[in-house]
Structure formats: C-alpha cells, structure tokens
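J.: The numbering of the sequence shown is this note's numbering, which starts it at 456 and goes up by one. First the structure, then my questions, so here it is.
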Amino acid sequence: MLPDRGRKGRESRIFGRTTPLGDPGARAPGTFARLLHRGRGPRLIGTRTAWTTICDGEFFCPGCGGDRNYQRRTGRRRFVFLGVPLLSRGDAGPVVECAACQDHFGVDALDHPTTVRLSAMLRDAVHTVVLAVLTSGGSTSRTALDAAVATLRGAGFDDCTEERLAALVEALAADTGRIGDPDCVPGLAIELHEALGPLAPHLAPAGREALLLQGARIALADGPYTPAERDVLATAGCALTIDPDDVARLLVAATRTPR
Numbered sequence: 456m457l458p459d460r461g462r463k464g465r466e467s468r469i470f471g472r473t474t475p476l477g478d479p480g481a482r483a484p485g486t487f488a489r490l491l492h493r494g495r496g497p498r499l500i501g502t503r504t505a506w507t508t509i510c511d512g513e514f515f516c517p518g519c520g521g522d523r524n525y526q527r528r529t530g531r532r533r534f535v536f537l538g539v540p541l542l543s544r545g546d547a548g549p550v551v552e553c554a555a556c557q558d559h560f561g562v563d564a565l566d567h568p569t570t571v572r573l574s575a576m577l578r579d580a581v582h583t584v585v586l587a588v589l590t591s592g593g594s595t596s597r598t599a600l601d602a603a604v605a606t607l608r609g610a611g612f613d614d615c616t617e618e619r620l621a622a623l624v625e626a627l628a629a630d631t632g633r634i635g636d637p638d639c640v641p642g643l644a645i646e647l648h649e650a651l652g653p654l655a656p657h658l659a660p661a662g663r664e665a666l667l668l669q670g671a672r673i674a675l676a677d678g679p680y681t682p683a684e685r686d687v688l689a690t691a692g693c694a695l696t697i698d699p700d701d702v703a704r705l706l707v708a709a710t711r712t713p714r
C-alpha cells in the first residue's frame, strides 16, 4: 500500500514520521518543538538561583503552623540557556527556608518566637506581674499569697509554695525597696516593661487583658486596691500596650468578678 501523498505529491519525514508538507497542523512535534512547548520537558531559557546557607535554627513556620527547623539562605540568580548558567541576574533573598515544607519566608518570620519560647515568656510575665503586685504591699496578707500561689501554679510553677513566694518577695523588696520608697517605682516599672514588652505583640487583646486581670485579682484578694497596687497594675497595662481607659475598665470589672 502506497503512503499518502501531500499536495505536491511527495512525503515529508522532517519530524520523524510521514506527514504531508504544507500542512503544519498535521505535523507531529519533534524534539526541538517539544522543548519549545511550555510545560513539557526542560526549558530552553530562564533563570536559576544558586542558594547558600548562612545559618540554621528553629523557628515558628507560618506555613506549617508550628515549630520547625529552618535555614537562612541567600542566593544569586543567573540567566540560563540550555541548562548552562550564563549572565548574572543579581542577588536573591535573604530568605528563611522551612526544612519541613521547604517554603521560603522573609527574615521577619524569625521575629515570631517558637511555641516553646512563647510559653517561657508567658511564664516569666506571670511571675513578674505577681511579684510586682505582692511587692507593692500584699506580701504580708495570707489571702493575697494564696491567690498568688494558685496563679503561679496555674502558669506552670508547680513547686511554688507560700513560704518560698514570701521569701522571694522579701528578698526583692530588700533589693529594690518598698513601694513607698521613691526608688522602688522605677525599678518595678523597668522589670514589668522588660518582661511584658517583648511578649505583648504576640498576644491577642484577650490574652493581654487576662494577664492584667490575674494581677488585679491578687491585689483584690486582701481588700480594695491600694494606690500602690493601682500604680503597679497601670504600669503593667502600659507594658502590655493596653489603653489606659481599658486598664481602668478592667480594674473595675475585676472588682465585680466573684473570687
């Protein structure tokens, strides 16, 4: 049986099979044509990034939603032709690459603490608020100590006792002075800002308010707020970036909450 003939009465085997000349739509794509077809086979031209790892560690991956290992990387882009890198196209990154999902993120992703670090920061914040409130005048009250111990145990300080807490407050008071001493207020303010300031951006408004209310309930355990206790709680609210009007509202709300 004779092969089909084209309009000009002859065959074409240019692309590896017999196809009529003069009919491009009927031609089967050969190797070169397949390379040019986007999405099939290697690309003829493009850019390629060569990454270099600068450091590594652990971070909270926004993509995975949990603590993961990371590599901080920088790269250099190059123009590639037929798989051969030619011209430089500039620098890439730096980026943070997750070891699990391998997604790339900006280096600001490292500013978010890991869940382990965030838990430790929260524990330290609760501890600082409790000590600040007790140092302002409640350390001699049994009910205030009971409330403080319950709060600290709830935060993870399982070995906390009234005796240990009272001794710690006394030592802190001896070091910084009582709240009536003019030198004490700035010292407590510094401690509160150092403990609460880095934590505040990573807490939702409800979380920041809950932390302030814990201190308010300890202050109220032995009676109404004293002026010193109000000052300490106002300072804590400021360190937590809570609006002063909201601080006043929360302190009033705490007096109406059953303890």
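We treat Cβ as the ideally placed atom computed from N, Cα and C, and that holds for glycine. All of these numbers come straight from a predicted model, not from anything done at the bench.
Apart from the five residues on each side of it in sequence, which residues of its chain come closer than 6 Å, Cβ to Cβ, to Ser591?
T.: Taken in chain order, the residues that qualify are Ile634, Ala683, Glu684, Val687.
J.: What are the uninterrupted segments assigned as beta strand (DSSP E) that are 3 or more residues long and contained completely in the stretch 507–540, given in chain order?
T.: Entirely contained in the stretch 507–540, the beta strand (DSSP E) runs reaching 3 residues are, in chain order, 521–536.
J.: Buried or exposed for Arg663, please, with buried defined as at least 16 other CB atoms from any protein chain shown within 10 angstroms of its CB.
T.: Buried.
J.: Could you name the residues of the same chain whose beta carbon sits closer than 6 Å to that of Thr696, not counting the 5 residues immediately before and after it, in chain order?
T.: If we look at Thr696 and ignore the five residues flanking it on each side, its Cβ neighbours are Ala655.
J.: Under three-state DSSP, which class holds Ser596?
T.: Correct three-state label for Ser596: coil.
J.: Candidates Leu577, Asp522, Ala505: which alpha carbon is nearest Ser543's?
T.: Nearest option by C-alpha distance: Ala505.
J.: Per DSSP, what kind of secondary structure is Cys553 in: helix, strand or coil?
T.: Cys553 falls in the strand class under three-state DSSP.
J.: Can you name, in chain order, every residue of its own chain whose Cβ lies under 6 Å from the Cβ of Cys519, other than the five neighbours on each side?
T.: If we look at Cys519 and ignore the five residues flanking it on each side, its Cβ neighbours are Ala555, Cys556.
J.: In angstroms, rounded to a whole number, what distance separates the CA positions of Cys553 and Gly545?
T.: Taking the straight line joining both Cα atoms gives about 23 Å.
J.: Does DSSP put Arg711 in a helix, in a strand, or in coil?
T.: Correct three-state label for Arg711: coil.
J.: On a CA-only basis, which of Arg572, Ala622, Gly548, Met576 is nearest Asp563? Give me that one, please.
T.: Checked all of Arg572, Ala622, Gly548, Met576; the closest Cα to Asp563 is Gly548.
J.: From the DSSP output, in three-state form, read off Thr504 for me.
T.: Correct three-state label for Thr504: strand.
J.: Roughly how far, in whole angstroms, is the beta-carbon of Ala580 from the beta-carbon of Leu667, given that I think they are within contact range, below 8 Å?
T.: So it is not a contact: roughly 10 Å between Cβ atoms.
J.: Distance check for Leu565 and Thr681, CA to CA, integer angstroms please.
T.: Distance between the alpha carbons of Thr681 and Leu565 is about 41 Å.
J.: Does the separation of the CB atoms of Thr502 and Val535 fall below 8 Å?
T.: In this structure, Val535 lies closer than 8 Å to Thr502 by Cβ.
J.: In its own chain, which residues sit with a C-beta less than 8 Å from the C-beta of Gly652, not counting the 5 before and 5 after it?
T.: The answer, listed in chain order, is Ala694.
J.: Please confirm whether Leu706 and Ala676 have their CB atoms less than 8 Å apart.
T.: No, the Cβ-Cβ distance between Leu706 and Ala676 is not below 8 Å.
J.: From which residue to which residue does the alpha helix (DSSP H) around Ile697 run?
T.: Taken as a continuous stretch (DSSP letters only), Ile697 belongs to no alpha helix (DSSP H), as it is neither H nor E.
J.: Does Cys516 pass the burial test, meaning 16 or more other C-beta atoms within 10 Å, or should it be called exposed?
T.: When all chains shown are included, Cys516 counts as buried.
J.: Identify whether Gly692 lies in helix, strand or coil by the three-state DSSP scheme.
T.: Three-state DSSP puts Gly692 in a helix.
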